[in-house]
Every structure is written in structure tokens, then in C-alpha cells.
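Reading through the C-alpha cells given below for one structure.
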DNA sequence: CCGACTTTGTGCATCGGTTCACAAAGGGCT
DNA sequence: AGCCCTTTGTGAACCGATGCACAAAGTCGG
Ligand SMILES: NC(=O)c1ccc[n+]([C@@H]2O[C@H](COP(=O)([O-])OP(=O)(O)OC[C@H]3O[C@@H](n4cnc5c(N)ncnc54)[C@H](O)[C@@H]3O)[C@@H](O)[C@H]2O)c1
Ligand SMILES: NC(=O)c1ccc[n+]([C@@H]2O[C@H](COP(=O)([O-])OP(=O)(O)OC[C@H]3O[C@@H](n4cnc5c(N)ncnc54)[C@H](O)[C@@H]3O)[C@@H](O)[C@H]2O)c1
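Chains as they are written, first to last, in this note's numbering: chain A, 12 to 235; chain B, 12 to 235.
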């Protein structure tokens with residue numbers, strides 16, 4: 012009934028997926044001392060269309076000024092709050108092999124709101140090592156570590172064969188957000204969010220389009 | 012005119028993105044000696060709904076048998092062909108740091124149709140090293156290496172600041188498929204496909220839902 | 001204080017994708 | 001051969017997302 016209902020509490024999934032993109036562009040602008048930005052410019056920086064950007068932002072409220080644009084700092088704050096980045100999140104990486112190590116050493120990981128709070132592996136060779144200043148703990152300690160460190164997001168970087176079992180265990184201790192790098196479809200209760208990153212799938216999609224470009228009737232060999 | 016037109020040559024993007032998932036499930040089944048599979052079972056293995064799976068497959072042609080299901084081997088072949096995996100693709104990894112190294116050492120990368128054909132970096136410390144059996148070449152050689160090895164897909168794993176420049180150079184020598192790990196929006200001509208993998212965005216999306224679960228009265232649902 | 005100009009926020013048409021539900025197709029049993 | 005059972009392939013309704021186009025809102029110069 013009240014006509015001014017700033018936060019809808021029903022932000023479309025597609026919008027949520029783009030907010031981090033806007034946030035990144037805004038951080039860049041803030042660093043370069045830009046105080047105010049139009050939807051046109053911000054959209055360009057984020058690689059989207061300006062109508063889409065305005066609609067996305069309208070889901071969080073009316074934070075722009077007509078004729079002027081958006082206040083960069085204020086918008087950074089609003090988006091950060093909406094995404095839950097005003098608190099910090101303890102992340103555990105399970106499986107400290109090639110990939111897990113790269114992730115652990117990655118600085119940008121930690122940058123905004125996220126903190127690698129634990130590394131866990133099953134290999135006795137690896138357990139006890141210090142990587143990126145963190146001690147690698149044994150998989151037997153998985154539940155204890157998660158509870159002790161207040162981990163709420165788990166990154167799975169184990170071999171595919173171990174992923175479901177580890178997943179079941181972390182779900183059992185109450186973790187409801189998982190980022191999965193193993194090439195398997197995880198089975199979880201629907202209270203749990205799983206996002207997957209699958210390199211192989213990305214390459215296959217590229218290959219599909221590449222093949223089509225090469226084979227199609229129109230050879231689009233454009234020089235820019 | 013001819014009523015049986017098996018391949019539509021206009022496969023929806025959403026379908027393309029799921030074909031690799033089906034392919035993986037099918038490979039698993041083939042290995043376990045399963046000859047035939049119903050849409051119901053294959054859908055379950057791939058984590059999708061069976062109507063969606065059937066519609067997806069119908070875009071490639073009528074490869075099922077009513078009352079029976081799909082022949083596993085045959086479907087593997089058809090999907091592989093559609094995705095362009097019957098040829099092999101030479102991939103170059105540019106930026107051999109934490110992430111680039113992990114990718115280079117990753118076996119599953121090579122497994123189906125893809126071959127890491129070159130590693131390129133700018134750091135004199137790294138150039139000349141042998142990683143995963145490959146010599147790391149200097150960034151000055153980028154264009155020459157791409158041409159010499161017939162690279163058609165480039166994986167960008169440089170720092171964000173270098174990504175656009177490397178991107179411009181590979182596009183200039185004719186590469187039209189790029190997998191980008193750097194957290195920047197690449198600007199490319201629209202003949203070029205860019206797919207991005209962005210860990211930080213994935214975590215932020217998880218954080219958004221995690222926050223909502225904790226704070227809101229209604230438990231949010233997930234999508235894998 | 002006003003009027004011209006800029007830019008937001010959104011209603012609406014459209015589009016692509018998902019899901020349901022069922023007729024058509026094929027296999028196998030008797 | 002004929003019938004029943006299973007499962008595909010798809011028409012059609014539905015749903016969320018996109019993009020256009022513009023009225024509303026606000027700024028700024030005079
Ligand atoms: N490396 C890549 O570039 C890459 C790319 C895409 C996907 N992946 C996937 O990511 C995962 C990890 O890849 P990787 O290259 O780091 O593999 P890896 O073999 O180097 O590392 C796996 C690590 O997991 C540990 N592990 C095994 N079983 C475990 C368990 N039950 N609990 C905890 N830890 C366990 C191993 O000891 C090892 O340290 C794999 O599923 C792989 O398919 C990797
Ligand atoms: N490591 C991760 O887990 C991770 C996760 C997400 C995203 N990323 C992104 O992936 C990229 C690589 O990350 P990283 O951790 O491997 O960084 P890194 O610093 O370890 O490696 C970057 C490598 O690129 C090389 N390089 C720099 N400029 C170059 C140029 N102009 N041409 C060729 N090579 C060049 C450097 O010499 C270095 O070897 C970064 O953009 C990072 O933001 C990394």
C-alpha cells in the first residue's frame with residue numbers, strides 16, 4: 012500500500028549476478044576519484060546496456076538523481092550491503108592441490124568481504140604444510156574446523172571422486188553455500204546453494220561457437 | 012521441403028551450455044557399460060529436468076527410440092560432433108602464474124578434444140621454464156606462437172591490468188575464442204567470443220543468498 | 001524563479017527459455 | 001499379428017529477462 016517501498020526483497024537472479032560487476036566498475040571509479048556516474052557510463056564500464064543497469068539498480072531502491080546520475084560512494088555502499096559484503100565471510104578451501112593452492116594464494120579472493128579461514132586436505136604429504144600463511148588441516152578435522160572457524164562458504168577443489176562425500180559432510184554441519192570446481196553434479200538439499208565453475212564446460216561452449224564460425228556459410232573474418 | 016531435417020542449425024544458447032553436462036554424464040555411463048539410457052535417467056545424472064533434456068536433444072535431431080531411450084555411444088558421438096569435439100583444439104595459456112600453472116597441470120583439461128599447445132608469460136623468471144612438459148615462451152613471441160601452433164582458443168590468466176592488451180593482440184592475429192580469468196570486462200569486436208570465469212563474482216552471489224537465508228523469514232531456494 | 005536540459009525510473013512489448021502434458025512412435029509379449 | 005506398455009518429441013502455456021521509449025524528476029544557468 013505505501014507507495015514508497017524502497018527495497019523489494021525480491022531481486023531477480025539475473026540482477027544479483029550482475030551486481031558484482033557494477034561493484035567492480037564502481038570501485039575502479041572511486042579509486043580514480045570519480046564522484047558521480049551516469050547509468051550510461053557505468054553500464055559501459057560494466058559491459059551491459061544502460062536500460063538494464065537502471066532496471067537492475069531500481070530493484071535496490073531509488074539511489075540515483077535525475078539529471079545527474081549516481082553517487083559512486085553511496086552506490087558502492089548500497090550494492091555492498093545488498094550483496095552482504097559489509098560483513099566478512101569465512102571461506103574454507105577443501106582440496107589443496109594445483110587449483111586449491113592457486114586459490115589460497117590468490118589475493119583478490121580476500122579483497123572484499125571474503126577471508127580464507129581454513130585449508131583442508133586428505134593427503135598426509137600436504138597436511139601440516141603452510142600455504143599462504145595457513146596451516147593445512149586434515150580432512151578428519153573437517154567438521155571441527157568448519158565450526159571452530161565459523162566457515163559459512165566452502166570451496167570444493169578435490170578430485171571429482173571425493174567431491175560428493177565432502178559435500179555431504181559440510182552440508183551435515185550446516186554449510187549452505189558451496190562453490191564447486193570438481194566436474195560433478197552435486198546432490199544437495201534445496202536449502203543449499205551450489206555454484207559450479209567448470210573450465211571444461213566453458214571450453215566446450217567456445218569450441219561449439221568456434222566450429223560454427225569456421226564451418227558456417229558466412230566466413231566472418233573481420234579485421235576489427 | 013524435405014520433411015526430415017535433422018539438424019536445425021539454430022541451437023539455443025541455453026542448450027549449448029548444457030550439452031557438455033550431458034556429455035559428461037554419458038561418458039560416465041559408457042564407462043560403466045550402460046548401452047541405453049532414458050531421458051529420465053540421463054536428466055537425473057546431469058541434474059536437470061527430463062523435459063528440458065528431451066527438448067535440448069531434440070534440437071540436434073531425433074536420436075532417441077520411443078519406448079526405449081537413447082543409445083549411449085551414439086548420443087556421445089552426436090553431442091561431441093555438435094560441440095566440435097571430434098577435432099582437437101589447440102589452446103594457449105597466457106599468464107603462467109598461480110592459476111595458469113594449475114590450469115597447465117590440469118589433466119582433465121586435455122581429456123576431450125583440447126590440447127594445451129603453448130604457455131606464454133612476460134616474466135623473465137618464468138620464461139624458459141618447463142611446466143607440464145611445455146616450454147614457457149616470451150610474450151614478445153605471442154603472435155608467432157599462436158600462428159605456429161595453430162592456436163584457436165586462448166586462456167587469459169594474466170593480472171587484470173595486462174588482460175586487455177593481451178586480448179587485443181590475440182584478436183589481431185585472428186583468435187576468436189577467449190576464456191578470461193582476469194577480473195575485467197574485455198572489449199572485443201563482436202565476431203569474438205569471450206567467456207569469463209570469475210571466482211569473486213561467484214562468491215558474491217553465494218554471499219547474497221547466504222545473507223538472505225540468515226536474515227529473511229523465507230528460506231531462499233537454490234539453482235545449480 | 002523559470003525554462004531548458006539531462007538523466008533516471010518504469011510501463012510495456014518482446015523474446016528466449018522452461019515446464020507441462022499428451023499424441024505419436026516403437027518394442028516386446030502373448 | 002495385435003495389443004499394451006514405455007518413452008520420446010513437441011505444441012502450447014507460462015515465466016523471467018531484456019530493451020525500447022518516454023514521462024517524471026531533478027539540476028543548472030540565466
Ligand atoms: N587444476 C585445474 O586447472 C582445474 C580446472 C578445472 C577443474 N579442476 C577440478 O578441480 C579439482 C582439483 O583439481 P586439482 O588440479 O587441484 O587436483 P589435484 O589432484 O592437484 O588436487 C586435489 C587435492 O585434493 C586432495 N584430496 C583428495 N581427496 C580428498 C578428500 N577426500 N578430502 C580432501 N582433500 C582431498 C588431494 O590430496 C589433492 O591435494 C578437480 O576436481 C579438478 O577436476 C581443476
Ligand atoms: N589464482 C586464482 O585463484 C585466481 C582466481 C580468480 C581469478 N584470478 C585471476 O587470474 C589472473 C591470474 O591470477 P594468478 O593468481 O595466476 O596471478 P599471478 O600473478 O600468480 O600470475 C600472473 C602471471 O601473468 C604474468 N604476466 C603479467 N603480465 C603479463 C603479460 N602482459 N603477458 C603475459 N603474462 C603476463 C606474470 O608474469 C605472472 O606469471 C588474475 O587476473 C587474477 O585476478 C586468479
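Virtual Cβ for every residue (Gly too), placed ideally from N, Cα, C.
Item                                                                                                                  : Value
Span separating the alpha-carbon of residue 130/B from that of residue 190/A                                          : 27 Å
Contact under 8 Å by Cβ, residue 186/B with residue 147/B                                                             : no
Partner residues on chain A for residue 75/B, Cβ-Cβ distance less than 8 Å                                            : By Cβ distance, chain A contributes nothing, its closest Cβ being about 21 Å from residue 75/B, past 8 Å.
Residue 51/A: CB within 7 Å of a non-hydrogen atom of ligand 2                                                        : no
Minimum C-alpha distance to residue 172/A - residue among 156/A, 163/A, 196/A, 157/A                                  : 196/A
Within chain A, the residues that residue 224/B reaches when beta carbons sit closer than 9 Å                         : 187, 188, 202, 204
Backbone CA spacing between residue 163/B and residue 92/B [nearest angstrom]                                         : 18 Å
Unbroken alpha helix (DSSP H) run spanning residue 146/B, endpoints                                                   : Segment 145 to 149 is the beta strand (DSSP E) holding residue 146/B; no alpha helix (DSSP H) there.
Residues that residue 138/A contacts on chain B, provided the C-beta gap is smaller than 7 Å                          : Going along chain B, no residue has its Cβ under 7 Å from residue 138/A, so there is no contact; the nearest lies around 20 Å.
Given residue 201/B as reference, the closest of 215/A, 220/A, 204/A, 213/A once Cα atoms are compared                : 220/A
contact_flag[the stretch 76 to 83 of chain A, the stretch 112 to 126 of chain A] where n(CB pairs < 8 Å) is 3 or more : no
Beta carbon proximity, residue 60/A to chain B, threshold 8 Å                                                         : no
Cβ-based contacts, 7 Å cut-off: residues of the stretch 155 to 173 of chain B near chain A                            : 163, 164
Assigned secondary structure, residue 226/A (DSSP; H/G/I helix, E/B strand, else coil)                                : helix
Per-residue burial, residue 98/B [other beta carbons within 10 Å of its own, 16 or more giving buried]                : exposed
Straight-line gap, residue 132/B to residue 207/B (C-alpha atoms, nearest Å)                                          : 20 Å
Cross-chain neighbours of residue 38/A in chain B, by beta carbon under 7 Å                                           : Within 7 Å Cβ-Cβ: nothing; residue 38/A doesn't reach chain B, min ~10 Å.
Residue 94/B CB to nearest heavy atom of ligand 1 below 7 Å                                                           : no
8 Å Cβ shell around residue 211/B - same chain, five flanking residues per side excluded                              : 194
Segments assigned beta strand (DSSP E), at least 3 residues, entirely inside the stretch 72 to 157 of chain B         : 80 to 82, 100 to 105, 125 to 132, 145 to 149
Cβ-heavy atom distance, residue 31/B to ligand 1, below 7 Å                                                           : no
DSSP bridge partner residues for residue 189/A (one or two, in chain order)                                           : 165/A, 205/A
Buried or exposed (CB count within 10 angstroms, at least 16 for buried), residue 109/A                               : buried
DSSP-derived helix/strand/coil call for residue 27/A                                                                  : helix
Alpha helix (DSSP H) segment containing residue 177/A, residue limits                                                 : 171 to 183
Rounded C-alpha distance that separates residue 152/A from residue 45/B                                               : 38 Å
Heavy atom of ligand 1 within 7 Å of residue 132/A beta-carbon                                                        : yes
Chain B contact for residue 213/A (CB, 8 Å cutoff)                                                                    : yes
Of the residues 87/B, 55/B, 40/B, the one placed nearest residue 31/B, counting alpha carbons only                    : 87/B
CB-CB length for residue 58/B against residue 68/B, believed under 8 Å                                                : That belief does not hold up - the Cβ atoms of residue 58/B and residue 68/B are roughly 16 Å apart, past 8 Å.
Enclosing alpha helix (DSSP H) for residue 46/A [first to last residue]                                               : No alpha helix (DSSP H) holds residue 46/A; DSSP gives it neither H nor E.
Alpha carbon of residue 3/B to alpha carbon of residue 71/B, nearest angstrom                                         : Because chain B is modelled from 12 through 235, residue 3/B falls outside the range shown and cannot be assessed.
Buried or exposed by the 16-neighbour rule on C-beta atoms within 10 Å, applied to residue 12/B                       : For residue 12/B, the pLDDT reaches just 35, beneath the cut-off of 50, and the residue's location in the model is therefore unreliable, although a value from the coordinates is still provided. Classification for residue 12/B: exposed.
Euclidean distance between Cα positions of residue 225/A and residue 66/B                                             : 26 Å
Listed by chain order, chain B residues near residue 208/A by CB distance under 8 Å                                   : 208, 210, 213
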